[in-house]
Amino acid sequence: MTLQNKIPDFETIEKARKFWEIHSLADFADELEEANDVQFVKRNNLIVSLDLEREDLGRLYRLAREKGTRVNNLITLWVKERLRSV
């Protein structure tokens, strides 16, 4: 395993997850800062279901995998982009 001295910027959560599966946070202790007054905000999301044809769902899974994300994240991104444009 090669030693890195800086935590990389991750393009996707999936890439971050894969990185931290094989690296230790202890190896980057010099880069860490103490966090004060951390507040967790509860998200107010609702779940919707979609009626998709099997072929379309397969395409969604392939696209999501290519982009390093999950299908629900990809769909959410597309919906938000569309809502911003109208």
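Once you know that position 7 of the sequence shown is 490 in my numbering, the rest is easy, because the numbers rise by one and skip nothing.
Virtual Cβ for every residue (Gly too), placed ideally from N, Cα, C.
- Scanning LEU508, ARG537, LEU557 and ALA518 for the CA closest to the CA of ASN488 turns up LEU508.
- Between the segment 546 to 554 and the segment 493 to 503 there are three or more C-beta pairs closer than 8 Å, enough to call the two in contact.
- The alpha-carbon separation between SER568 and ILE558 amounts to approximately 16 Å.
- Between ILE490 and GLU517, the C-beta gap is not smaller than 8 Å, which leaves the two residues out of contact.
- Put simply, of ARG537, LYS498, ASP510 and ASN556 the residue whose alpha carbon is nearest the alpha carbon of ASN528 is ASN556.
- Ranking ASP520, VAL531 and TRP561 by CA distance to the CA of LEU543 puts TRP561 first.
- VAL524 and ASP534 have their C-alpha atoms roughly 31 Å apart.
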